[in-house]
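Going left to right, the sequence shown walks through residues 1 to 261 as the UniProt record's numbering numbers them.
Quick reminder that beta carbons are idealized off the backbone N, C-alpha and C, glycines included.
Okay, so here's the structure we're looking at.
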Amino acid sequence: MSTVLELKNATKRIDNGLNETKTILNHVNLKIAQGEFVTVLGGNGAGKSTLFNSIAGTVTLSEGDLLINDQNITAYSEEKRAKYVSRVFQDPKMGTAPRMTVAENLLLAMYRGKKRSLRLRRLNEERTLFTKICSEVGNGLENHLDTPTGNLSGGQRQALSLLMATLTKPDLLLLDEHTAALDPKTSKQLMQLTDQRIKEGDLTCLMITHRMEDALNYGNRLIVLQKGQIIKDLSKAEKEKLSLQDLLLFFEEEVEEITLD
Numbered sequence: 001m002s003t004v005l006e007l008k009n010a011t012k013r014i015d016n017g018l019n020e021t022k023t024i025l026n027h028v029n030l031k032i033a034q035g036e037f038v039t040v041l042g043g044n045g046a047g048k049s050t051l052f053n054s055i056a057g058t059v060t061l062s063e064g065d066l067l068i069n070d071q072n073i074t075a076y077s078e079e080k081r082a083k084y085v086s087r088v089f090q091d092p093k094m095g096t097a098p099r100m101t102v103a104e105n106l107l108l109a110m111y112r113g114k115k116r117s118l119r120l121r122r123l124n125e126e127r128t129l130f131t132k133i134c135s136e137v138g139n140g141l142e143n144h145l146d147t148p149t150g151n152l153s154g155g156q157r158q159a160l161s162l163l164m165a166t167l168t169k170p171d172l173l174l175l176d177e178h179t180a181a182l183d184p185k186t187s188k189q190l191m192q193l194t195d196q197r198i199k200e201g202d203l204t205c206l207m208i209t210h211r212m213e214d215a216l217n218y219g220n221r222l223i224v225l226q227k228g229q230i231i232k233d234l235s236k237a238e239k240e241k242l243s244l245q246d247l248l249l250f251f252e253e254e255v256e257e258i259t260l261d
């Protein structure tokens, strides 16, 4: 099975302004194979967001290398990495253009990572496709193709963000606590849609979550970050043997932070 993502000694240090240097990622080595759905757990300050930002290109590594499909993209800009990486954020407002309609947002997503040029939008030619994929969501999104995205509910907007991120198959999908801002019922629906899109598209995915149930129920691999390092890396078989209490025990002094989230 081919390796989609590889981090080699990925390290990120920052100057805290007091002549002290803090290490947020500490020589992380990680390989993600094609088709793996990896859930990522860790308390506050564990390095989860920095890991994702380093992969997406919004943060530059202080040391180490990052490869996608054996190609070293460490020096690539965030824009250049968009050809390979799609991301859904925790905030539903971050993944869509609020003044553009649902259909316009989806059309924009079709050209993610591709060279842009002046051309006709061909929006009407794609409406059948957009109606079909939106109807799979189950929240009435297909009835809002001409609605500005800013007028949607949080759940509809986050579902649209997921559709946009997976419309053209990315090499790597990053889900950055994408259900955290939603109520339990909407979160459950979005996770079911997420699992469906990943399985149908045979996508390779990293998902940060604070929901212990989702970490157990979804994905075929689990990694736990603590103080910028991977302290656990469990296969599907190992993960299936875990209980919620087992997960909490991984965090030791961070247990209280996790259970409050």
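Measuring alpha carbon to alpha carbon, tell me which residue in E213, A82, C205 and T58 is nearest S187. Stepping through the sequence shown from its first residue, residue 187 is reached at position 187. Each of E213, A82, C205 and T58 was checked against the Cα of S187, and the nearest Cα belongs to E213.
Taking the continuous beta strand (DSSP E) assigned at I32, which residues delimit it? The residue labelled residue 32 in the question sits at position 32 within the sequence shown. Looking at the DSSP string, the run of the beta strand (DSSP E) that includes I32 is T21 to A33.
With a threshold of 16 other CB atoms inside 10 Å of the CB of E79, please say whether the residue is buried or exposed. Along the sequence shown, read from residue 1 onward, the residue named residue 79 stands at position 79. When all chains shown are included, E79 counts as exposed.
Whole-angstrom Cβ separation of G154 and P92, contact assumed at under 8 Å? Position 154 of the sequence shown, counted from the start, is the residue given in the question as residue 154. Position 92 of the sequence shown, counted from the start, is the residue given in the question as residue 92. With 8 Å as the limit, G154 and P92 qualify as a contact, their Cβ atoms being about 5 Å apart.
Hey, out of L225, Q245, D233 and I231, whose CA is closest to G43's CA? Position 43 of the sequence shown, counted from the start, is the residue given in the question as residue 43. Each of L225, Q245, D233 and I231 was checked against the Cα of G43, and the nearest Cα belongs to L225.
In the DSSP assignment, find the unbroken beta strand (DSSP E) run with R197 in it and report its ends. Start at 1 with the first residue of the sequence shown, and residue 197 comes out as number 197. Where R197 is concerned, there is no enclosing beta strand (DSSP E), although the alpha helix (DSSP H) it sits in stretches over P184 to G201.
Let me check one thing: in DSSP terms, what residues is S86 bridge-paired to? Taking the sequence shown and counting its residues from 1, one reaches residue 86 at position 86. Note: S86 sits in a beta bridge opposite L173.
Same chain, Cβ closer than 8 Å to V102, neighbours up to 5 away in sequence not counted: Counting from 1 along the sequence shown, the entry for residue 102 is found at position 102. Cβ within range, chain order: F130, C134, L141, H144, L145, D146, T147, T149, L152 and L160.
Quick one: grab the DSSP three-state call for N53. To locate residue 53, count along the sequence shown from 1; it is residue 53. The three-state secondary structure of N53, taken from DSSP, is helix.
So, at 6 Å on beta carbons, what are the nonlocal neighbours of A109 in its own chain, with the 5 sequence-adjacent residues on each side left out? Locating residue 109 in the sequence shown gives position 109, counting from the first residue. Cβ neighbours of A109 beyond the five flanking positions: M164 and L167.
Check whether the region 193-205 and the region 13-24 touch, using three or more Cβ-Cβ pairs below 8 Å as the test. A contact is defined here as three or more CB-CB pairs under 8 Å, and the region 193-205 fails this definition with respect to the region 13-24.
Indicate whether the contact test is met: 3 or more Cβ pairs, each with one atom in the region 240-247 and one in the region 57-73, closer than 8 Å. The region 240-247, when compared against the region 57-73, does not touch it at the 8 Å Cβ threshold.
In three-state terms, what does DSSP make of K241? Start at 1 with the first residue of the sequence shown, and residue 241 comes out as number 241. Three-state DSSP puts K241 in coil, outside helix and strand.
So, is N16 buried or exposed, given that buried needs 16 or more other C-beta atoms within 10 angstroms? Your numbering for residue 16 matches position 16 in the sequence shown. Exposed, since its Cβ has fewer than 16 Cβ neighbours within 10 Å.
Could you round the C-beta distance between E6 and L51 to whole angstroms and report it? I think they count as a contact, below 8 Å. The residue given as residue 6 occupies position 6 in the sequence shown. The residue given as residue 51 occupies position 51 in the sequence shown. Not quite, the Cβ-Cβ distance comes to about 13 Å (not below 8 Å), so this is no contact.
Could you tell me which of K227, I223, R99 and A180 sits nearest to V38, measuring between CA atoms? Sequence index remark: in the sequence shown, residue 38 carries index 38 (1-based). Measuring from the Cα of V38, the nearest candidate turns out to be I223.
Can you give me the Cβ contacts of residue 264 inside the same chain, cut-off strictly under 6 Å, excluding the 5 residues immediately before and after it? Missing from the structure shown is residue 264; the chain here goes from 1 to 261 and no further.
In whole angstroms, what separates the C-alpha of I242 from that of A215? As a first step, residue 242 must be located in the sequence shown, where it is residue number 242. As a first step, residue 215 must be located in the sequence shown, where it is residue number 215. This sequence places Leu at residue 242; Ile is not what is there. Here the alpha carbons of A215 and L242 stand approximately 10 Å from one another.
With the cut-off set at 8 Å, would you say H210 and A181 are in Cβ contact? Counting from one through the sequence shown, the residue named residue 210 turns up at place 210. Counting from one through the sequence shown, the residue named residue 181 turns up at place 181. The Cβ atoms of H210 and A181 do not sit closer than 8 Å to each other.
With H, G and I counted as helix, E and B as strand and the rest as coil, what does DSSP make of A10? Taking the sequence shown and counting its residues from 1, one reaches residue 10 at position 10. Per DSSP, reduced to three states, the secondary structure at A10 is strand.
Close Cβ partners of E36 (< 7 Å) along its chain, the five nearest in sequence each way excluded: Mapped onto the sequence shown, residue 36 falls at position 36. Only T204, N220 and R221 meet the Cβ criterion.
Thinking just about the alpha-carbon of each residue, which of H178, Q229 and P170 is nearest to the one in A34? For the purposes of this step, residue 34 is taken as residue 34 along the sequence shown, with counting starting at 1. Residue 34 is actually Gln in this sequence, not Ala. P170 is the residue among H178, Q229 and P170 whose C-alpha sits nearest the C-alpha of Q34.
In the DSSP assignment, find the alpha helix (DSSP H) that holds L225 and state where it starts and stops. Translated into positions along the sequence shown, residue 225 becomes position 225. Run containing L225: none in the alpha helix (DSSP H); it sits in the beta strand (DSSP E), R221 to Q226.
Can you have a look at M1 and say buried or exposed, based on whether 16 or more other CB atoms are within 10 angstroms of its CB? Along the sequence shown, one-based indexing puts residue 1 at 1. Only exposed fits M1, as fewer than 16 other CB atoms lie within 10 angstroms of its CB.
Can you tell which of D233, E240 and K227 has its C-alpha closest to the C-alpha of A46? In the sequence shown, residue 46 corresponds to position 46, counting from 1. Measuring from the Cα of A46, the nearest candidate turns out to be K227.
Below 6 Å CB to CB, which residues in the same chain sit around H27 once its five sequence neighbours on both sides are set aside? Against the sequence shown, residue 27 aligns to sequence position 27. By the criterion of a C-beta distance shorter than 6 Å, H27 is surrounded in its chain by N9 and T11, once the five residues flanking it on both sides are discounted.
Where do the ends of the alpha helix (DSSP H) carrying K80 lie? Position 80 of the sequence shown, counted from the first residue, corresponds to residue 80. E78 to R81 is the extent of the alpha helix (DSSP H) around K80.
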